[in-house]
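For the sequence shown, our numbering begins at 232 and goes up steadily by one.
Backbone N, C-alpha and C fix where the C-beta goes; we use that ideal spot for every residue, glycine too.
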Amino acid sequence: MEVIKNLHSYMAYVVLAVLVFAVVNALMGWLGKKDFTMHKDLRISLFALILSHIQLLVGLLLYFVSANGLKAIQTLGMGGLNAPARLLALEHPFINIIALALITIGWSRHKKFMESDKKFKTISIFYGLGLLLILSRIPWGQWFA
């Protein structure tokens with residue numbers, strides 16, 4: 232289980248960096264009125280999507296085997312969780328699933344457009360909202376402790 236926890240923790244840095252890169256790339260393309268290219272822009276967005284989903288799968292695995300996930304809710308009940316425990320057992324997984332849904336919607340919607348500005352705009356908005364949600368529920372106290 233420690234291996235899964237470390238994988239989830241260290242991979243989070245990579246996923247966040249790639250998501251930030253994808254959002255910044257999309258914003259620069261949208262605001263700079265650039266052409267959406269398959270060899271660069273599509274790959275950056277797709278790479279962010281794939282890494283995010285892998286991170287979610289590792290996180291869900293950790294949720295079901297860790298004492299801080301589902302077992303904490305089963306043991307203590309919803310009312311028995313203090314703020315840090317509630318963050319790990321409930322808020323972090325729930326909000327990150329919503330964030331991944333937004334990122335996935337952004338990926339799916341961008342494919343429907345032919346115009347570069349609409350592709351960049353869609354990725355900027357949906358990936359950006361997903362990134363903000365992810366950042367809002369990271370257990371920062373554990374990252375810098």
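Could you say which of L331, G361, L312 and D348 lies nearest to G260 if we only look at CA atoms? D348
Might you give, ordered along the chain, the residues of its own chain that have their beta carbon closer than 7 angstroms to the beta carbon of N256, omitting 5 neighbours on each side? D272 and I275
Exposed or buried, what is M263 when buried is set at 16 or more other beta-carbons lying within 10 Å of its beta-carbon? For the sequence presented, residue 263 should be read as Gly rather than Met. G263 is exposed by the Cβ-count criterion.
Fully enclosed by the stretch 257 to 304, which alpha helix (DSSP H) runs are 4 residues long or longer? 274 to 296
Go to F344, then tell me how far its alpha helix (DSSP H) extends in each direction, as first and last residue. First-last for F344: undefined, no H or E at that position.
N- and C-terminal bounds of the alpha helix (DSSP H) containing A316: A314 to R317
Going along the chain, which residues of its own chain have a beta-carbon closer than 6 angstroms to the beta-carbon of A330, five neighbours each way excluded? G361, L364 and I365
What would DSSP say about I328, mapped onto helix, strand or coil? helix
Can you tell me whether G308 is helix, strand or coil according to DSSP? coil
Tell whether a beta-carbon distance below 8 angstroms holds between V254 and L282. no
Quick check: what's the CA-CA separation for F357 versus I336? 7 angstroms
Leaving aside the five residues before and after N327 along the sequence, list all residues of the same chain whose C-beta is less than 8 angstroms from its C-beta, in chain order. L287, G290, L364, I365 and R368
Go ahead and label A298 buried or exposed: buried means 16 or more other beta carbons lie within 10 angstroms of its beta carbon, across all protein chains shown. exposed
Per-residue DSSP class, three states only, for M242: helix
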